[in-house]
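Novice: Sending over a structure as C-alpha cells; questions will come in a sec.
Residue numbers (our numbering): 748 to 1178.
As C-alpha cells, then:
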C-alpha cells in the first residue's frame, strides 16, 4: 500500500523558509544538484518497481557516485505532503533497502518489511531548505507532483533553483485512448509546469522530445535540451534465483497489462497456436502487474481454458526471478502501440536475448538494426515470427543473435555523461 501525497495549494515546506537568494550565474565548481526522490518514497510499500521507479533509483545511485559533494536530496514526502530536504545518510540507507527489496535479497515477511518501510519513512522526513550559497539545480526524474504548477513554483522559489526535468513520454496526449480516464488532463497539467519552469529538459528519446515540443508554448526554444538513452545494469548483477523455467520453448513479455501494450494480440495468437499445435505450442510468460481498462485481456487469462498451461501470468516478480526468465526465453516480445523509450528492449538486448517488437519510432531509435520489427496490428506476421523463433534451429533467431553482437549497448555511464553536460549548461545559462 502506498501512502498518498497530500495535495496542498502550493508547496508545504518542512519549516517556514525565506525564498533563497538569487544565485550568480557561472560555474563555481558546479551547481548544487537537488535530486527529487518523491516517486521512490511514494512507492516504498510496493514490492516491485515500475520503469520510472527504476530510473529515479538509478539517478540517485549514479549521482551519488559522480557528485557526492554537491548532491542533495529532497521530496514531497508521502506522509503529509510536505516538501523538504532529506538526510543524505537516511537516503543512502533507504536506497540500499529498496535495491535489496527489488532483488529479493533476504526478504523478510510482509509485516517486518512494512515496519522497515515505516522506519525509512520516518528517517527521511523532510527538513528545512537551507539558504543557497551558490547556483542550484532542482532535478526531477519522474512526473510526481508535476501536475501541480503552484507546488512546483513554490519549491523552486524556496530552493532558489533552476529546474531540470526528465520527460518519459507524452503518450497520454498523443494517444489519450490508452490513458486512464483523467490521464490526458493530468499530463497536460504536468506539461504546463514544465512549460512554465523548466530551464533544462532531458528526453529519453528523440521521439519523446519530438512529441513534447508541440505542447510547449515556445516549443524547445530557449531551453537546454538533450536526448539520453537509458542504460541497463549487467544481467548478472543480481545473481541467480533458482527460478524454475518452463520445460519447453517460451517467450516473455515484460509490461504492465494495459491497453497500449497490446497483450490481446498475443493472447489471440497463442489461442490460435494452441488450437493448431496443442502441447507442441511454445509458452508465453507475462511479467508485470495488472493495470487498467484491460477487461478483455483479463477475461482471456481467467476464463480461457485453452490457454491454461500455455500462457503463464507471472505477475510482479523480484529482479532476480525476472532476469532468469528473460535470459532463458526464445525472445522478448514487445507489441506495444506506443512507447516513450522501451526499456525492456534495451534490457533484453543487453542480456543477449533477441527482441521481436512493434515497428514504432521509439523502438527503432533504441533497438537499431538488432530486433525484428512488426506492425503492432499485423497478427499473422507476429504469429509467423513467433513460430519461426520457437524452432530449435531457428535461422531468424540465429540471425538476430549475430546482429546483437554488433549492436551498441547504451550504458548508464554514457547516459550520465550527457546529463552532467546538460546540468553544466543549465548552470551557466542566463536566468
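From the three backbone atoms N, C-alpha and C, an ideal C-beta is built for every residue, glycine too.
Per the DSSP calculation, residue 1105 is bridged to which residue(s)?
Specialist: Answer is 1121.
Novice: Can you name, in chain order, every residue of its own chain whose Cβ lies under 8 Å from the Cβ of residue 924, other than the five neighbours on each side?
Specialist: These residues qualify, in order along the chain: 1006.
Novice: Please name the residue, chosen from 805, 1050, 1118 and 942, that lies closest to residue 1163 on a Cα-to-Cα basis.
Specialist: Comparing Cα positions, the closest option is 805.
Novice: Report yes or no: do the region 1140 to 1149 and the region 965 to 980 share at least 3 C-beta pairs separated by less than 8 Å?
Specialist: In short, these stretches do not touch, since the Cβ pair count stays below three.
Novice: What distance in whole Å lies between the Cβ atoms of residue 893 and residue 952, which are believed to be in contact at a cut-off of 8 Å?
Specialist: Between residue 893 and residue 952 the Cβ distance is about 19 Å, and since that is not below 8 Å, they are no contact.
Novice: Which of the three DSSP states, helix, strand or coil, is assigned to residue 900?
Specialist: Residue 900: helix per DSSP, three-state reduction.
Novice: What does DSSP give as the partner residue(s) for residue 998 in the beta ladder?
Specialist: Looking at the DSSP assignment, residue 998 forms a beta bridge with 1031.
Novice: How do the region 1085 to 1096 and the region 1124 to 1141 stand: do at least 3 beta-carbon pairs fall below 8 Å, yes or no?
Specialist: The answer is no - the region 1124 to 1141 does not touch the region 1085 to 1096, with fewer than three Cβ pairs under 8 Å.
Novice: Report the three-state DSSP secondary structure of residue 1014 (helix, strand or coil).
Specialist: Residue 1014 falls in the helix class under three-state DSSP.
Novice: Of the residues 778, 1038, 828 and 793, which one's Cα is nearest the Cα of residue 864?
Specialist: The shortest C-alpha separation from residue 864 is found at 793.
Novice: Compare the Cα-Cα distances from residue 874 to each of 1022, 1106 and 905 and report the closest residue.
Specialist: The residue with the shortest Cα to Cα distance from residue 874 is 905.
Novice: Please classify residue 1068 as buried or exposed, where buried requires at least 16 neighbouring CB atoms within 10 angstroms.
Specialist: Flag for residue 1068 reads buried.
Novice: With a 10 Å radius around its C-beta and 16 neighbouring C-beta atoms as the bar for buried, classify residue 1055 as buried or exposed.
Specialist: So residue 1055 ends up on the exposed side.
Novice: Can you tell me where the alpha helix (DSSP H) holding residue 803 begins and where it ends?
Specialist: Residues 798 to 813.
Novice: Please classify residue 792: does DSSP put it in a helix, a strand, or coil?
Specialist: Looking at residue 792 - three-state DSSP - the assignment turns out to be coil, as it is neither helix nor strand.
Novice: Per DSSP, residue 784 forms a beta bridge with which residues?
Specialist: In DSSP, residue 784 forms no bridge with anything.
Novice: I'd like to know whether the C-beta atoms of residue 844 and residue 867 end up nearer to each other than 8 Å.
Specialist: Cβ atoms of residue 844 and residue 867: closer than 8 Å.
Novice: Helix, strand or coil: how does DSSP classify residue 963 here?
Specialist: Three-state result, residue 963: coil.
Novice: Cβ of residue 1073 within 8 Å of Cβ of residue 974?
Specialist: Against a cut-off of 8 Å, the Cβ pair of residue 974 and residue 1073 comes out as no contact.
Novice: When DSSP builds the beta bridges, which residues end up paired with residue 777?
Specialist: Bridge partners of residue 777: none, in fact.
Novice: Go to residue 1126, then tell me how far its alpha helix (DSSP H) extends in each direction, as first and last residue.
Specialist: Residue 1126 -> alpha helix (DSSP H) spans 1126 to 1137.
Novice: Indicate the three-state DSSP secondary structure (helix, strand or coil) for residue 1111 in the structure shown.
Specialist: If DSSP states are grouped into helix, strand and coil, residue 1111 belongs with the helices.
Novice: Residue ranges of each alpha helix (DSSP H) run of no fewer than 4 residues wholly in the region 876 to 952, ordered along the chain?
Specialist: The qualifying runs are 896 to 906, 918 to 921 and 930 to 944.
Novice: Along the beta strand (DSSP E) that carries residue 820, what are the first and last residues, could you check?
Specialist: Here the beta strand (DSSP E) through residue 820 covers 818 to 823.
Novice: Could you compute how far the alpha carbon of residue 994 sits from the alpha carbon of residue 1102?
Specialist: Computed Cα separation, rounded: 21 Å.
Novice: So for residue 984, helix, strand or coil by DSSP?
Specialist: For residue 984, the pLDDT reaches just 46, beneath the cut-off of 50, and the residue's location in the model is therefore unreliable, leaving the point undetermined.
Novice: Can you give me the C-alpha to C-alpha distance between residue 1099 and residue 1081, rounded to a whole angstrom?
Specialist: Near 16 Å, if we compare the C-alpha coordinates of residue 1081 and residue 1099.
Novice: Output needed for residue 886: all residues of its chain with C-beta closer than 6 Å, excluding positions within five of it in sequence on either side, in chain order.
Specialist: Correct list, in chain order: 780, 782 and 911.
Novice: Which of the three DSSP states is assigned to residue 1061 in this structure?
Specialist: Strand at residue 1061.
Novice: Expressed to the nearest angstrom, what Euclidean distance is found between the alpha-carbon atoms of residue 882 and residue 950?
Specialist: Taking the straight line joining both Cα atoms gives about 23 Å.
Novice: Please state if the CB of residue 876 and the CB of residue 831 are separated by a distance shorter than 8 Å.
Specialist: Contact flag set, yes.
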